[in-house]
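Below is one structure, written out as structure tokens; comments come after it.
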Amino acid sequence: MRTPKLTALALLAVIGASSLQAQETVAITGGTIYPVSGPRIENGTIVLTNGVITAMGANVAIPAGARRVDAAGKWVTPGLVAPVSSLGVVEVGAVTDTRDASSRSTNGIAAAFRVWDAINPNAMSLPVARQDGGITTVGVMPSGGFVAGMGAVIDLRQGVMVDAMLRKSPAVMVATLDNAAAAQAGSRAEALAKLRTLLRDAREFNLGRVRYDAGNMRELSASRADLEAMQLVLRGTIPLVVNADRASEILNVIALGKEFGIRVVINSGAEAWQVGAQLAAAKVPVMTGAMNNIPDGFSSLGQRQENLGLLRAAGVQVAIVGNGAGGEDNFNIRNLRYEAGNAVAYGMTWDDALRAITLSPAEILGVSDRVGSLAVGKAANVVVWSGDPFEYATQPLHVFVAGSDAKVMTRQEMLTQRYRTLPVKY
Amino acid sequence: MRQFLVLLCLAAPALQAQSTGSAAAPARSPSGPGSGALSQPNADPFPSTYKAPTARAVLITNATILTAAGPQIDRGFVLMRDGKIVSVGSGAAPAAGDAEVIDANGRYVTPGLIDTHSHMGAGSAPGGQALSDINEATAPTTAHVWVEHSVWPQDAQFPRVLAGGVTTLQILPGSANLIGGRSVVLKVVPSTSVQGMKFPGAKYGLKMACGENPKRVYAARGPSTRMGNVAGYRTAWIQAEAYRRRWDKWLGDRSGDPPARDLALETLADVLRGNILVQNHCYRADEMLQMVDIAKEFGYQIRSFHHGVEAYKLADVMARENISGSLWSDWGGFKMEAIDGIRANLALVHNAGARAIVHSDDASGAQRLNQDASKARAAGAAIGITIDDATLIKWVTLNPAWAMDLDSRIGSLEAGKNADVVLWSANPFSVYARPDRVWIDGAPRLDRSDPRQAWRTDFELGYVPAASTQAGGRR
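Residue numbers (this note's numbering), protein chains in the order written: chain P, 1186 to 1611; chain A, 8 to 482.
This is the structure:
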């Protein structure tokens, strides 16, 4: 019923001369480069060729015919990576028809749910996240229920269909513990038992497919499709991202990972700082925000803004989730960089904070071979900032995704332009 | 509004006694009925018991000062004594006798921040139904409720906003109802009672709400449409005007039995008398413009539009009608009436000459009003609207003070005003800045270097690890 067709068409009207497909060579010159995977480079140059970084350093020959982007006095970083979002699958939160992030499963188990099948590449927040936020890669995560389904990673390319945006699908399986209601369980312990049962059943299913198909297996706790999807977790192909906040529940997740030999990642993790040593020892990463300090539930009484800094000090791999500056994980995912700044204000080092919104989430989501840092051979996802990217006064001047810094007029910019001078002229 | 009142007074001279506030409660014997038997303008049955603790005078020197009353002062001083600002200036600091002298070493000093839109204490941590006291969602018009009766002073969110430099909060009822009830203005201080937090002498506000929320909540019984919403406001004001006339007449001539007292209409009548300020939750420009007409129809003033994600579409009207905008830097998109949210909203409202206010509606956002202002300024800069620090600070201090009619007492650093002061670790519009010290009425309320003194609510004792509420951490 929504009729934003005109707007969507208008969005495709590209501003500037750059081509969408980035069949060109660009040289970003003179900036201070923060590669994340290596030391800072003063007065450096990055060459982008056909969507890939082909040269980077302080003394780089600029190819003939390259378009030059003068970054003198500017800061150059990898495109930011937001690990958890609903970009493209939730347009207007309160409008049911625009919500595509969850499934309606009968028992809360929807492991086979593929959230990326419904990503709308014309979603209004996509260019906003990229152009206001310098975000070039996002995790699109399913939500709701107990085992919510599989999430994907997309690059925020403009003017292409979803298949060209997808960087990894599936990237993760998402489940929620610490919340009996979500698991349709009577307690936290029962929720954990249900997850353990699901993993056991999935393993049994895999070992006894012939018996299963012949109908000679006891009734299992999930559908065939869900049991099949869980094989990706059991095989270690994708990690199991578990939403959990209470320190004791986080320890349960670590134990679950060991019991089944699977990779687990903690999301939310309000009290993770209390079990930093255990998380580090088990090499379990944590994805959390830097602006939460309210004891807003009996699972998060110990929530504090020093969480990220303390976890890093304990040797835990961390990624920053943008969720503290306006709630919406689509409309305002652009605020991720300010979350990083707040992490620094509460004890994280600046370098760690940048890593926590670039390379670390890329590693956790399994896409660090191509994104999350600046290095020759990696995707040309690069941002040129007017200053420190964590500061409010700073703006992204160029955001390259796959080598293209083409800008579109966002819906918000159209509205701003229309009402810049009152009375309005329609 | 003023003109309307004047006309009424001319028609009924007896009312003038009311409008000058001289209608004291009639004397009663201790055993007789209390003052509550009568519908009194400016009745105060739950009076503030707040008293600022006696504190040593403080002289902050060598500070970068954003006074909210003039240009930035470099290497300046602030002297506070007996709860008030004594002097603010640049150059040599005055002799301060026994005052505690703090060398700010270039750090920033600002007035205490003020949030016009909070539900703290009414919707308390850790949440859940037991602590959900924001919306009396049992009828579309609940002008009879006072949100202070929901406020739990042990809400762990209070000390956290204090640590964000916030010294004054307006607590509002929620937006489920067309008319949600009375607001209350609180100082962010520990207290056993809400009365002990109440800002002495502050006017009450009235929460009104437009649009999607009321029509969604009452879809079954009505209103279920925006036209139903508007009919609901108008019906209430018609009743209120009749009530006000009835009572003002009786208070003037004391003739016969007093009219029956009605809690809801008493609040609305005090809005019509100008004693209670309208705080109007409204997202869409077309609805705000209708609310302006309703206010004119019944002769009241809208003091602030809250949320107003489309305020930029009527910023000229807001300036003309003297309506402030209590706004977010960039929330939007979460419902249809919020999809036109833009980051330049605050800057455009400011640029049109209306009062721009950064509000939170959120205990997390309330801890970073300064950061939200900074973000909104950057959006203005992107479209050519330049706002300096000295002006920007007003969005979180003097302008919200005005929205509660407290700008003569708080919101700027000027001699004689309440000594609500924040010493920041850096420029407050930097993402890295944090309050190092906070004073309310000259009394020290936060010192980040001494976590042992951090305010911990009753709820937090035992439940919340002390470390997680320490205002300390790294500087």
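The beta-carbon is built from N, C-alpha and C at its ideal position, and this holds for glycine as well.
Top-ranked residue by Cα proximity to residue i, from the options
| i | options | result |
| --- | --- | --- |
| A:Gly449 | A:Lys194, A:Gly83, A:Thr149 | A:Lys194 |
| P:Leu1341 | P:Ala1368, P:Leu1362, P:Val1313 | P:Val1313 |
| P:Met1326 | P:Thr1281, P:Arg1315, P:Val1274 | P:Val1274 |
| A:Asn287 | A:Ile245, A:Pro458, A:His366, A:Phe206 | A:His366 |
| A:Ser137 | A:Thr117, A:Trp159, A:Val471 | Checking the sequence shown, residue 137 of chain A turns out to be Ala, not Ser. Closest option to A:Ala137, Cα to Cα, is A:Trp159. |
| P:Val1556 | P:Ser1328, P:Phe1298, P:Leu1405, P:Phe1585 | P:Phe1585 |
| P:Val1280 | A:Lys342, A:Gly423, A:Ala389 | A:Lys342 |
| A:Glu344 | A:Lys303, A:Ala433, A:Ala383, A:Arg233 | A:Arg233 |
| P:Met1472 | P:Gly1454, P:Pro1480, P:Leu1486 | P:Gly1454 |
| P:Ala1356 | P:Tyr1397, P:Gly1242, P:Val1450 | P:Val1450 |
| P:Gly1572 | P:Asp1317, P:Pro1581, P:Asn1566 | P:Pro1581 |
| A:Pro207 | A:His156, A:Ala59, A:Arg350, A:Thr145 | A:Ala59 |
| P:Ser1271 | P:Asp1536, P:Pro1546, P:Gly1507 | P:Gly1507 |
| P:His1583 | P:Ala1591, P:Glu1276, P:Tyr1577 | P:Ala1591 |
| P:Ile1231 | P:Ala1564, P:Val1395, P:Val1269 | P:Ala1564 |
| P:Pro1136 | P:Asp1536, P:Arg1289, P:Thr1382, P:Ala1457 | Given a span of 1186 to 1611 for chain P in the structure shown, any question on residue 1136 of chain P remains unanswerable. |
| A:Glu143 | A:Leu453, A:Ala183, A:Ala163, A:Val116 | A:Ala183 |
| P:Thr1257 | P:Val1245, P:Pro1224, P:Thr1214 | According to the sequence shown, residue 1257 of chain P is Ala rather than Thr. Nearest of P:Val1245, P:Pro1224, P:Thr1214 to P:Ala1257, Cα basis: P:Thr1214. |
| P:Leu1419 | P:Leu1495, P:Leu1380, P:Gly1242 | P:Leu1380 |
| P:Leu1521 | P:Gly1474, P:Ile1226, P:Arg1394, P:Thr1422 | P:Gly1474 |
Nearest-angstrom beta carbon gap, residue j and residue i [assumed within contact, 8 Å]
| i | j | result |
| --- | --- | --- |
| A:Val95 | A:Leu376 | No, A:Val95 and A:Leu376 are not in contact; Cβ-Cβ is about 22 Å, not under 8 Å. |
| P:Val1261 | P:Gly1216 | 4 Å |
| A:Ser125 | A:Ile178 | 5 Å |
| P:Thr1543 | P:Leu1362 | Not quite, the Cβ-Cβ distance comes to about 28 Å (not below 8 Å), so this is no contact. |
| A:Ala422 | A:Val93 | 6 Å |
| P:Ile1180 | P:Ala1504 | No answer is possible for residue 1180 of chain P: the residues shown for chain P start at 1186 and end at 1611. |
| P:Arg1540 | P:Gly1318 | 17 Å between Cβ atoms; not a contact. |
| P:Asp1386 | P:Ser1406 | 5 Å |
| A:Gln161 | A:Thr464 | 4 Å |
Buried or exposed by the 16-neighbour rule on C-beta atoms within 10 Å, applied to residue i
| i | result |
| --- | --- |
| P:Lys1610 | exposed |
| A:Thr242 | exposed |
| P:Thr1321 | buried |
| A:Gln23 | For A:Gln23, the predicted model reports a pLDDT of 34, less than 50, meaning its position is unreliable and no value from the coordinates is stated. |
| P:Phe1483 | exposed |
| P:Lys1443 | exposed |
| P:Thr1606 | exposed |
| P:Glu1598 | buried |
| P:Arg1431 | buried |
| P:Val1561 | exposed |
| P:Asn1437 | buried |
| A:Thr199 | exposed |
| P:Gln1602 | exposed |
| A:Leu468 | exposed |
| A:Leu413 | buried |
| A:Phe165 | buried |
| A:Ser311 | buried |
| A:Asn49 | exposed |
| A:Asp89 | exposed |
Amino acids of chain D, ordered along the chain, whose beta-carbon sits closer than 7 Å to that of residue i
| i | result |
| --- | --- |
| P:Asp1481 | Although the question refers to chain D, the structure presented lacks it and instead comprises the protein chains P and A. |
Opposing strand residues paired with residue i [DSSP bridges]
| i | result |
| --- | --- |
| P:Pro1312 | Its beta-bridge partners do not exist; DSSP assigns none. |
| A:Tyr115 | A:Thr71 |
| P:Ile1294 | P:Val1332 |
| A:Leu313 | Here residue 313 of chain A turns out to be His, not Leu, going by the sequence shown. Answer is A:His288, A:Ser333, bridged to A:His313. |
| P:Met1472 | P:Asn1452, P:Ala1504 |
| P:Arg1299 | P:Met1335 |
| A:Met215 | A:Ile186, A:Asn287 |
| A:Phe84 | A:Gly96 |
| A:Gln177 | A:Val192 |
Contact between the stretch 387 to 406 of chain A and the stretch 439 to 458 of chain A is defined here as three or more beta-carbon pairs at a separation below 8 Å; is this criterion met? Touching, no.
Touching by the beta-carbon criterion (3+ pairs, under 8 Å), the stretch 399 to 416 of chain A and the stretch 353 to 367 of chain A: Pairwise C-beta distances place the stretch 399 to 416 of chain A in contact with the stretch 353 to 367 of chain A, as three or more of them are shorter than 8 Å.
With a cut-off of 8 Å, do at least 3 Cβ pairs link the stretch 147 to 154 of chain A to the stretch 186 to 205 of chain A? Yes, since at least three Cβ pairs between the stretch 147 to 154 of chain A and the stretch 186 to 205 of chain A fall closer than 8 Å, the two stretches touch.
Is the number of C-beta pairs between the stretch 216 to 231 of chain A and the stretch 291 to 310 of chain A that are closer than 8 Å three or more? A contact is defined here as three or more CB-CB pairs under 8 Å, and the stretch 216 to 231 of chain A meets this definition with respect to the stretch 291 to 310 of chain A.
Would you check if there are 3 or more beta carbon pairs closer than 8 Å linking the stretch 1453 to 1469 of chain P to the stretch 1489 to 1508 of chain P? At 8 Å Cβ cutoff, the stretches touch.
Is the stretch 1332 to 1350 of chain P touching the stretch 1287 to 1301 of chain P, taking contact as three or more C-beta pairs under 8 Å? By the Cβ criterion, the stretch 1332 to 1350 of chain P is in contact with the stretch 1287 to 1301 of chain P, since at least three pairs of Cβ atoms, one from each stretch, lie closer than 8 Å.
Cβ pair count under 8 Å reaching 3, the stretch 323 to 335 of chain A against the stretch 349 to 360 of chain A: The stretch 323 to 335 of chain A, when compared against the stretch 349 to 360 of chain A, does touch it at the 8 Å Cβ threshold.
Validate contact between the stretch 380 to 388 of chain A and the stretch 64 to 84 of chain A using beta carbons, cut 8 Å, 3 pairs: The stretch 380 to 388 of chain A, when compared against the stretch 64 to 84 of chain A, does not touch it at the 8 Å Cβ threshold.
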